[in-house]
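K.L.:
Here it is, the structure in full.
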Amino acid sequence: MTSLTVRSSGLVQRRTEASRNAADKDRPSGQEDLEPRRGDEVDDDDTGDSKETRLTLMEEVLLLGLKDREGYTSFWNDCISSGLRGCMLIELALRGRLQLEACGMRRKGLLARKVICKSDAPTGDVLLDEALKHIKDTQPPETVQSWIELLSGETWNPLKLHYQLRNVRERLAKNLVEKGVLTTEKQNFLLFDMTTHPLTNNNIKQRLIKKVQEAVLDKWVNDPHRMDKRLLALIFLAHSSDVLENAFAPLLDDQYDLAMKRVRQLLELEPEGESMKANTNELLWAVVAAFTK
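Residue 1 is where the sequence shown starts when you use UniProt numbering, and the numbers rise one by one after that.
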């Protein structure tokens, strides 16, 4: 069992109802949403308002982690790098590109089973296609845990360093700039200049935060297999990336406590058992197992 840990680096001061209302008044109105990029995603993750900007799991997790005005993630967050790689694996699985090998007669555990390329059709996303090519070209196949480490560059084997996906946060931020969610600025940090990406479309981020909040409050179903797979993955990966607290920061105290209680219920699920139930995605639960083992 894994208990929910709230790191000090992930804590954000929660606003009162009054300040939240004031923020709502300050929010710019009349902003038109961008048309969604439908791509080739499968039906089970094609949910939500059809006028909503289509974001990948990686972009959603990064958006939750970015400071709105400063335009960068916390310097103390050392979890988001591996979390984003987990997002890539789940995104590819939900799009029908990856799956786990068959468990076999001896019933291998999720973390012992290899990741198999089911389809190498381009996704339209450069990062996803880069990760997919690595997985497709690698023989023998690797496990979920290995791919998270390899794509993050967390390997001691110099022959496998070429698997690392570089500048992932910057590339995702540029995707969000192209989608009209962020903008690009230069900031001086005394000894060096850094490119930052402050929030420019608050409506999209507020919708994302509301979606996460409602999943564990008003729309809570108490059964992960009745939840949208993409939303379930977002909650798990946002927690693993130490950014879930940011989505709950605006809540009132009683709502916050209830939301965290329900997140703990999800974190205490046994991935092996959940992966054997009907209408599930085994690779999703393998990624969850890799982060909660």
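We treat Cβ as the ideally placed atom computed from N, Cα and C, and that holds for glycine.
Please read all numbers here as calculations on a predicted model, not as lab measurements.
Going by beta carbon distance, what residues of the same chain come within less than 7 Å of residue 233, once the five residues before and after it are set aside?
P.N.:
Around residue 233: 57, 90, 284.
K.L.:
What are the boundary residues of the beta strand (DSSP E) that includes residue 221?
P.N.:
Element bounds for residue 221: n/a, residue is neither H nor E.
K.L.:
Pair every Cβ in the region 260 to 267 with every Cβ in the region 115 to 131, then say whether three or more of these pairs are closer than 8 Å.
P.N.:
They do not touch, by the three-pair rule.
K.L.:
For a test of the three-state rule: what should DSSP assign to residue 282, helix, strand or coil?
P.N.:
Three-state DSSP puts residue 282 in a helix.
K.L.:
Rounded to whole angstroms, what's the CA-CA distance from residue 145 to residue 112? Just pull it up for me.
P.N.:
When rounded, the distance between both Cα atoms is 9 Å.
K.L.:
If you follow the beta strand (DSSP E) that residue 187 is in, where does it begin and where does it stop?
P.N.:
Per DSSP, residue 187 belongs to the beta strand (DSSP E) from 185 to 188.
K.L.:
Indicate the three-state DSSP secondary structure (helix, strand or coil) for residue 130 in the structure shown.
P.N.:
Note: residue 130 maps to helix in three-state DSSP.
K.L.:
Compare the Cα-Cα distances from residue 60 to each of 76, 88, 69, 78 and report the closest residue.
P.N.:
Closest option to residue 60, Cα to Cα, is 88.
K.L.:
Assign residue 243 to one of three DSSP states: helix, strand, or coil.
P.N.:
The answer is coil: DSSP assigns residue 243 none of H, G, I, E or B.
K.L.:
Given this structure, state the Cα-to-Cα distance separating residue 141 from residue 159, to the nearest angstrom.
P.N.:
Computed Cα separation, rounded: 16 Å.
K.L.:
Within its chain, find whatever has a CB closer than 7 Å to the CB of residue 163; leave out the 5 residues flanking it on each side and keep chain order.
P.N.:
Correct list, in chain order: 134, 150, 151.
K.L.:
With distances taken Cα to Cα, identify the nearest neighbour of residue 118 among 95, 86, 127.
P.N.:
It is 95.
K.L.:
With H, G and I counted as helix, E and B as strand and the rest as coil, what does DSSP make of residue 30?
P.N.:
Residue placement at residue 30 is flagged as unreliable, the pLDDT there being 41, under the threshold of 50; the coordinate-derived value follows with that caveat. Coil, per DSSP.
K.L.:
Please report the distance separating the alpha-carbon of residue 274 from that of residue 193.
P.N.:
Computed Cα separation, rounded: 47 Å.
K.L.:
According to DSSP, is residue 291 helix, strand or coil?
P.N.:
Three-state DSSP puts residue 291 in a helix.
K.L.:
Between the beta-carbon of residue 128 and the beta-carbon of residue 289, is there less than 8 Å?
P.N.:
In this structure, residue 289 does not lie closer than 8 Å to residue 128 by Cβ.
K.L.:
How long is the line joining the alpha carbons of residue 80 and residue 195, rounded to whole angstroms?
P.N.:
Looking at the two C-alpha atoms, the distance is approximately 18 Å.
K.L.:
For residue 147, count neighbouring C-beta atoms within 10 Å of its own C-beta (all shown protein chains included) and say buried if the count is 16 or more, exposed if not.
P.N.:
Flag for residue 147 reads buried.
K.L.:
According to the Cβ coordinates, are residue 281 and residue 93 closer than 8 Å?
P.N.:
Yes. Within cutoff.
K.L.:
For the region 177 to 192 against the region 229 to 243, are there 3 or more C-beta pairs whose distance is under 8 Å?
P.N.:
No: fewer than three Cβ pairs fall under 8 Å.
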